[in-house]
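Heads up, the sequence shown is in the working numbering, so the first residue is 3 and it goes up one at a time. Below: the structure, in structure tokens.
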Amino acid sequence: MKPLLFKCLTILILISTSSAKLHSSILGSKKSYHRIERNHTRPRILAPFSRADMASPLEVIQHPYLPVYADPNFKKVVPTNSWISNLFYPSSEDLAPTTPDPYILRLLDDHGGYPGLSIRHTDAKTYGSYPAMNDVPATQMGFFINGVLTDLRFTSKEWSREKPEPKVTYWDHFGATLRLSSPRNPTKRIDFPLARGMPFVTGTYSGLTPHFYSEHGIQQVVAASNNNGTYGGRKFKVTMNDPSHTTFIIYALGGPLQLRKIGNSKLEATTIYNGVIRVAKLPSPDHERLLDDYFDVWTVGGTITTGTDGGSYTITWKTAGNTAKPPLIYAYPHHLQTLSADVKRTRMQLQSSTKGAMTAVIGNSWVLRETQLSDIGWLPRNPVPERSTQNEIMNALAQDVAANYESQTNKGDNYFSGKGLQKYAMVALILNKPNETQLKNPELAKTALDKLKAAFLPFLENRQGDPFKYDSVYKGIVARDGLPASMGGKGDPNAEFGHTYYNDHHYHHGYLVVTAAVIHHLDPAWKTAQIKHWTDVLIRDVNAASDNDPYFAPYRNWDWFAGHSWAGGIKIGGALDGRDQESVPEAINFYWGAKLWGLATGDAAMTRLATLQLAITKRTTYEYFWMLDSNKNRPRDFIKNKVTGIFFEQKIDYTTYFGRYVEFIHGIQQIPMTPILADDIRTQQFVQEEWDQRLGPVIDNVHNGWAGVLYLNYALVNPAAAYPKLRTVDIDDGQTRSYSLYIAATRPNFYRRCKWTKL
Numbered sequence: 003m004k005p006l007l008f009k010c011l012t013i014l015i016l017i018s019t020s021s022a023k024l025h026s027s028i029l030g031s032k033k034s035y036h037r038i039e040r041n042h043t044r045p046r047i048l049a050p051f052s053r054a055d056m057a058s059p060l061e062v063i064q065h066p067y068l069p070v071y072a073d074p075n076f077k078k079v080v081p082t083n084s085w086i087s088n089l090f091y092p093s094s095e096d097l098a099p100t101t102p103d104p105y106i107l108r109l110l111d112d113h114g115g116y117p118g119l120s121i122r123h124t125d126a127k128t129y130g131s132y133p134a135m136n137d138v139p140a141t142q143m144g145f146f147i148n149g150v151l152t153d154l155r156f157t158s159k160e161w162s163r164e165k166p167e168p169k170v171t172y173w174d175h176f177g178a179t180l181r182l183s184s185p186r187n188p189t190k191r192i193d194f195p196l197a198r199g200m201p202f203v204t205g206t207y208s209g210l211t212p213h214f215y216s217e218h219g220i221q222q223v224v225a226a227s228n229n230n231g232t233y234g235g236r237k238f239k240v241t242m243n244d245p246s247h248t249t250f251i252i253y254a255l256g257g258p259l260q261l262r263k264i265g266n267s268k269l270e271a272t273t274i275y276n277g278v279i280r281v282a283k284l285p286s287p288d289h290e291r292l293l294d295d296y297f298d299v300w301t302v303g304g305t306i307t308t309g310t311d312g313g314s315y316t317i318t319w320k321t322a323g324n325t326a327k328p329p330l331i332y333a334y335p336h337h338l339q340t341l342s343a344d345v346k347r348t349r350m351q352l353q354s355s356t357k358g359a360m361t362a363v364i365g366n367s368w369v370l371r372e373t374q375l376s377d378i379g380w381l382p383r384n385p386v387p388e389r390s391t392q393n394e395i396m397n398a399l400a401q402d403v404a405a406n407y408e409s410q411t412n413k414g415d416n417y418f419s420g421k422g423l424q425k426y427a428m429v430a431l432i433l434n435k436p437n438e439t440q441l442k443n444p445e446l447a448k449t450a451l452d453k454l455k456a457a458f459l460p461f462l463e464n465r466q467g468d469p470f471k472y473d474s475v476y477k478g479i480v481a482r483d484g485l486p487a488s489m490g491g492k493g494d495p496n497a498e499f500g501h502t503y504y505n506d507h508h509y510h511h512g513y514l515v516v517t518a519a520v521i522h523h524l525d526p527a528w529k530t531a532q533i534k535h536w537t538d539v540l541i542r543d544v545n546a547a548s549d550n551d552p553y554f555a556p557y558r559n560w561d562w563f564a565g566h567s568w569a570g571g572i573k574i575g576g577a578l579d580g581r582d583q584e585s586v587p588e589a590i591n592f593y594w595g596a597k598l599w600g601l602a603t604g605d606a607a608m609t610r611l612a613t614l615q616l617a618i619t620k621r622t623t624y625e626y627f628w629m630l631d632s633n634k635n636r637p638r639d640f641i642k643n644k645v646t647g648i649f650f651e652q653k654i655d656y657t658t659y660f661g662r663y664v665e666f667i668h669g670i671q672q673i674p675m676t677p678i679l680a681d682d683i684r685t686q687q688f689v690q691e692e693w694d695q696r697l698g699p700v701i702d703n704v705h706n707g708w709a710g711v712l713y714l715n716y717a718l719v720n721p722a723a724a725y726p727k728l729r730t731v732d733i734d735d736g737q738t739r740s741y742s743l744y745i746a747a748t749r750p751n752f753y754r755r756c757k758w759t760k761l
């Protein structure tokens, strides 16, 4: 008898190889240049990559929604996607928050009269559940928010009769100065320097009578003197009657104050005051001495620089007051993991709005170092698909190349068109790198690249369905359709997902940048000047790496303190839950695209910057957005959701903007699947936990394009099971079957499922 042999039914088949003047660019054809760092001893990532002239055929417009509270005398572009962006506009009921963290601030809300600057901080979040809906089971902790209350408000006696006028007189990436002035006499004002992580809220009074209001009752005031309810001195410890008996300390730096208690919830000075007053929440009695030691120095902003290794960055804080001593600043959890030892850590903590506990540290500058920098470039770390799959993948590639590209890439909007372009760019890439992928068919490779160029050309020439314009107000690129009809648009600010109002620029541009990078990498001679200019401009719109770029705002979407991007832009009526971001991988796709563009053009500075941002993003993703079972920043029941859903500064909501299905909530965290996502960002541990706890139970009932997304993600941990599913399931409009099979077959643990047979 012949022995039973374990033999794959699939026969290995050796793959045969076959033999083998622009009208104007999107932003003009003027010569641009790339600043390539040559000083290897001190690379400066934060150098402008390109200073191409914006005077070009692209139409220049002035944005219809102006920053009404921006001081016109401060000559700096107003940020659109920043933690300070709400400061520049009125909002519904004056409730739009500004979140330096750990405090939440609201401007001009007048509950209780006396409008001013309101401080909110709570350790206890408000959690809400969701009933079972669609295929989402009942969710015990479906969302959490910070309650909208005024713990303590900075204001003045004079403003009981008039509402102050706001003006933002200074801003940078880490700070802003808000001025509230009396409308009839602007010299009577309070200036509030606001900065990330500030443990004190600071107000400089000029010619006004200080007044403090709380929605809580004031239970106790401890001061140097107490004369029948009038408290005197330079320090006041104020305890509220809320369940936590919250205590704030008021420091008077400009001289002694006399504060009298009015009713149960107000403290008012007896005379006009000129000077600095600072307020801090006291986390516990043990930390009072620490606040006393640092009450006289504060931050007003900061600058960002990079180190010599390409993996470190430094926040240098701008300080005021007693600048002979370093400032006290609250740091997020991810900061503590990478912060240099020369920054002193304390034991004082306060909860952030949505990122867990913050810890106070002491230092004039923070050096933060990322040591795990990804080596992923164009292709997966293992670029060769398992041999027995290559013939099938080649057949799938031929079918995808034969598709009607125009129908997939010219959809009338830039987001879905961009998804189509990138999916075909990935097809062209793996076909045109046969030495690396072992997928050899020169004729098919040429056809794939030629068709990709033809599909991309309308975008390069700004002839796509919703063309771009240059906005001279916020210094950025905006889609036409969201503009008023008088400016050639459709009058819908939500068109293109709000792109015209600076929503989601990194998502939209990421697909286009990746496509451009692939084309230029594969054919550097094709329309070289135009494609370089076009791509540089789209990158600068999102991630301009210089405060001195005359045409673009610095780091529109990237937040160096938060350690990730913000998608939400200008909101009419205010961003009432703060900035937000939903799709982490689409943000990653932009920075990976910027890295590829740096590789394609030899721009070492851009490559280093994007690589650093990807490393920081990976760290913050697992701290705040995607939750391993071991996550320490979320309650246990919230960790069970595995992903946050929509992540706001003030709220986390296990849902999506476009529907509440498991495949939506988790699938949006998996697109587009690229080598950087597959080999670096989505770890085996997280993918397995998410599949076991959330996706596996519903996958058999997913009968739409999200099935392809979920199975491609599952291929990262079980490619043998996912691969046969990817042959037939519906796939997303940003996904091709051939590239899905390719990613699955390049996994290190891939094998073909086999059966026992007799030979």
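Glycine is no exception: its CB is placed at the ideal position from the N, C-alpha and C atoms.
Annotated as distal: G565 and R581, with beta-carbon spacing of 8 angstroms or more.
With a threshold of 16 other beta carbon atoms within 10 Å, V80 meets it and is buried.
In the pairwise beta carbon analysis, the stretch 411-419 is classified as not touching the stretch 439-448: fewer than three pairs are separated by under 8 angstroms.
In this chain, the alpha helix (DSSP H) harbouring M608 covers 606-622. Counting along the chain, K421 sits inside the alpha helix (DSSP H) bounded by residues 416-433.
Within the same chain, Cβ atoms closer than 8 angstroms to the Cβ of Q374 are found at A617, K620, the five residues on either side in sequence being excluded. Using a C-beta cut-off of 8 angstroms, the stretch 445-454 makes contact with the stretch 395-411, since at least three inter-stretch Cβ pairs fall below that distance. Out of T676, Q64, I745, R482, the CA that lies nearest to the CA of K421 is found in T676. The stretch 691-703 makes contact with the stretch 643-656: 3 or more CB pairs, one atom from each, lie closer than 8 angstroms. According to the DSSP assignment, E167 belongs to the beta strand (DSSP E) that extends over 167-173. Using a C-beta cut-off of 8 angstroms, the stretch 345-354 makes no contact with the stretch 548-567, since fewer than three inter-stretch Cβ pairs fall below that distance. Positions of the alpha helix (DSSP H) runs, each at least 4 residues long and wholly inside the stretch 332-395, are given as 335-340 in order along the chain.
Secondary structure remark: continuous alpha helix (DSSP H) runs of at least 4 residues inside the stretch 668-753, in chain order: 686-692, 708-716, 721-728, 739-747.
No Cβ-Cβ contact shorter than 8 angstroms links Q652 with T128. Under the Cβ criterion (8 angstroms, minimum of three pairs), the stretch 581-592 does not count as touching the stretch 107-117.
Distance between Y753 and L743, taken at the CA atoms: about 13 angstroms.
A Cβ-Cβ contact shorter than 8 angstroms links V278 with T204.
By the Cβ neighbour-count rule, H289 is buried, with 16 or more other Cβ atoms within 10 Å of its own. I673 is not a Cβ neighbour of A717, given a cutoff of 8 angstroms. CA-to-CA, the gap between R181 and V170 works out to about 6 angstroms. Excluding its 5 nearest sequence neighbours in each direction, Q690 has C-beta neighbours in its own chain below 8 angstroms: V719, listed in chain order. In summary, P526 is exposed, with fewer than 16 beta-carbon neighbours lying within 10 Å of its beta-carbon over all protein chains present. In terms of Cβ geometry, P387 and A747 form a close pair [threshold 8 angstroms]. For R181, the uninterrupted beta strand (DSSP E) segment begins and ends at 177-184. Across the structure, N545 and T305 are spaced so that their CA atoms are roughly 16 angstroms apart. The beta carbon of D494 sits closer than 8 angstroms to the beta carbons of D483, G484 from its chain, once the five residues preceding and following it are set aside; these are given in chain order. Distances from the alpha-carbon of A724 to those of Q737, A709, D193 put A709 closest. Taking one beta carbon from each stretch, the stretch 257-272 and the stretch 213-225 have 3 or more pairs nearer than 8 angstroms; the two touch. For the options V520, D549, I572, I479, the alpha carbon positioned closest to that of Y503 is the one of I572.
Here DSSP, grouped into helix, strand and coil, assigns L89 to helix. Sequence-distant Cβ neighbours of N276 in its own chain, meaning closer than 7 angstroms and more than five residues away, are Y207, S208, G209, G256.
In the structure shown, the three-state DSSP call for V150 is coil.
Rounded to whole angstroms, the separation of the alpha carbons of G365 and T316 is 12 angstroms. Cβ atoms of W161 and P117 come within 8 angstroms of each other, at about 6 angstroms. Per DSSP, the continuous beta strand (DSSP E) segment holding S208 begins and ends at 202-210. With distances taken between CA atoms, T189 lies nearest to P168 out of T321, G199, K534, P168.
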